[in-house]
Amino acid sequence: MFDNKSILITGGTGSFGKKYVKTLLDRYQPNRLIIYSRDELKQYEMQQEFDAPCMRYFIGDVRDKDRLTQAMRDVDYVIHAAALKQVPAAEYNPMECIKTNIHGAENVISAAIANDVKKVIALSTDKAAAPINLYGATKLASDKLFVAANNTVGKGPTRFSVVRYGNVVGSRGSVVPLFQKKAAEGAKTIPITHPDMTRFWITLQMGVDFVLKNFERMHGGEIFVPKIPSVCITDLAEAYAPGIPTEDIGIRPGEKLHEVMCPADDSYHTFEYHDHFVIAPSIKFFGRELHFDKNCLGETATLVAPGFEYQSGSNPDFLTVEQILEFERG
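By the UniProt record's numbering, the letter at position 110 of the sequence shown is numbered 110, and the numbering carries on one by one without gaps.
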C-alpha cells in the first residue's frame, strides 16, 4: 500500500525512523519518504546512509504547526514518532515534555487534517497506560488527542490510530548499551534499579512491522498493542554482562516496577486478536458506526474478560537469558 505514496515520519532520525525507512525502501517503492526532525547533524548523518531519490529531509519541530503543515503537503501517510522520551528528564523538565509530546501531537493532527492526509499512526508507549510519571502522562494525553481526532476531522478523509508497545532492544536510552559498555570496561558490578523489575521487550524490526501492518488494519481510533514477551532486569544483565554481579541502585524518579499495556479499567473495550490487542475508543464517533472486533483486513477478535490486564510482570511469555540473545538476533 506504500508504492507510489508519500510518507512522512516525525522524529525520523531516531532508531525507529531509521529502521522504518530501511524497511520501506527494501519492500516498497514510495514516491516520497520525508524525514521531519529538528537536529540537522542527525539528518546529515542519516543522509549518508539513506540517499534514495525519494528521500526528503525537512528541518522542523513538531512544536511548529506552520512548518508541519508545509511539510505534510500532498502526503498520504504519517508516522508520528517524535517525542521527548527520557523519564527522569521529563520529571525535571515537565513543560518541555508537555510542549513536545502534547502540543506537538495537537500540531501533527491539525497539519494532517489541513492536508487531507489519508492515515496517521502515532507511536505510544507502555508508560502511557495508568501512568505514574510525566512522560507517560503526556503520552496518554497524546493518545487521547489522536483518538479524538477521528471526530475532529468531521467529514474529512483523515484517520488516526495509535500503536503502543514496550521497551525496544538496543534503542537509544535502552539499558542494553549501558550493560554492554559496563562489561567492556571491566566493571565489577552492573547497576540495576530493582531486582524484581520487568519490562515488555520488542525488537525494532518487530515494532516497524507491527506499525506497517496496522496501516492496513486500522479503522481509525484504535490503540494497537502487540503480544510480546517480557524480560526480568536481572536476566537482561546476565545476558549482556554475563558473570558480573548486579548492584541495586533503586528505582529512578517516575519509574514503575512493572509496565502495563492494556489496563484493567479498559478491559470492557479491549479486544484480543491472534497476535495483538486492540483498545477500542471509549468515545463514540459521530456519523460512523465501527465494530472493533473485526479489522479492515477481515481479522476477527473477542472481547477480553472483565478486569483483564496485560502487564509485564504477569505476562505468560518470559524470555530466558539465552532467549534474550536469540531474540535480538531475530
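In this text, a Cβ means the ideal position worked out from N, Cα and C, and glycines have one as well.
Within the DSSP secondary-structure output, V120 pairs in a beta bridge with V78, F160. The count of Cβ pairs closer than 8 Å, one atom from the region 217 to 226 and one from the region 274 to 282, reaches three, so the stretches are in contact. Proximity of the region 311 to 318 to the region 259 to 267 meets the contact definition, three or more beta-carbon pairs being nearer than 8 Å.
Every unbroken stretch of the beta strand (DSSP E) spanning 3 or more residues and falling wholly within the region 194 to 278 is given here in chain order: 198 to 202, 223 to 226, 230 to 232, 246 to 248, 260 to 262, 270 to 272. The DSSP-derived three-state label of K294 is strand. DSSP, reduced to helix, strand and coil, places T320 outside both helices and strands of the structure shown, so it counts as coil. As a beta-bridge residue in DSSP terms, M55 pairs with L33.
Contact annotation: A301 and A241 have beta-carbon atoms that are not nearer than 8 Å.
In this structure, Y135 lies near C97, with their beta-carbon atoms less than 8 Å apart.
Between S161 and F200, the CB-CB gap reaches or exceeds 8 Å. Per DSSP, L84 lies in no alpha helix (DSSP H) and is assigned neither H nor E. When DSSP reads this structure, N167 sits in a beta bridge with W201. The DSSP-derived three-state label of T13 is coil. In terms of Cβ geometry, F215 and I121 form a close pair [threshold 8 Å]. Non-local beta-carbon contacts of M72 in its own chain, meaning distances under 8 Å to residues more than five positions away in sequence, involve L8, V78, A111, A112, A114, N115, V117 in chain order. Ranking M46, M1, H80 by CA distance to the CA of Q29 puts M1 first. D248 and V87 have their C-alpha atoms spaced approximately 19 Å apart. Residues of the same chain with a CB within less than 6 Å of the CB of A128, apart from the 5 flanking positions on each side, are G136, K139, L140, D143 in chain order.
Around the beta carbon of P316, a 10 Å sphere encloses fewer than 16 other beta carbons of the protein chains shown; the residue is thus reported as exposed.
Following the DSSP letters along the chain, one finds I98 inside the alpha helix (DSSP H) bounded by residues 94 to 98. In the three-state DSSP reduction, T189 falls in the coil class, being neither helix nor strand. Taking C-beta atoms as the reference points, R217 and N295 count as a pair closer than 8 Å. According to DSSP, residue pairing for S6 in a beta bridge involves R32.
If you check the CB distance, V321 and A239 come in under 8 Å. For the options F292, L290, D266, the alpha carbon positioned closest to that of P306 is the one of D266.
For the options G220, T198, P245, I132, the alpha carbon positioned closest to that of V163 is the one of G220.
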